[in-house]
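In full-length UniProt numbering, the protein residues as written are 1 to 85.
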């Protein structure tokens, strides 16, 4: 049996799909591998994909809240992070 060797393009794809919250079973199916192989060879991409996506959304929300152009974003920020109810 030939050893599985991920390509750089597959690594980017897994990171992106993980960031979108796509289940590992679906990502593995898309690549044509089983979930055990996915987790073995793409552990970093699976872990970092969601974290980086959340950071991008948080940055966008923070910018909207602090530029004074989006009252709803500012209210959300204060409720979620500022201890306001």
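For every residue, glycine included, the Cβ atom is placed at its ideal position computed from N, Cα and C.
Separation of residue j from residue i, as counted between CA atoms
i, j, result
"residue 46", "residue 72", "32 angstroms"
"residue 76", "residue 58", "12 angstroms"
"residue 63", "residue 52", "16 angstroms"
"residue 3", "residue 40", "12 angstroms"
"residue 44", "residue 8", "13 angstroms"
Spatial neighbours of residue i in its chain, beta-carbon cut-off 8 angstroms, leaving aside the 5 residues before and after
i, result
"residue 38", "14, 24, 27, 28, 31, 46"
Cβ-based neighbour list, residue i, same chain, cut-off 6 angstroms, excluding 5 preceding and 5 following
i, result
"residue 50", "18, 19"
Residue i versus the options, residue with shortest Cα-Cα distance
i, options, result
"residue 61", "80, 12, 48", "80"
"residue 42", "10, 58, 3", "10"
"residue 54", "8, 3, 44, 21", "21"
Neighbourhood of residue i by C-beta distance below 7 angstroms, restricted to the same chain and skipping five residues each side
i, result
"residue 48", "15"
"residue 6", "41, 42"
"residue 74", "65"
Q) At a cut of 8 angstroms, does the stretch 52-69 reach the stretch 27-36 through at least three beta carbon pairs? A) no
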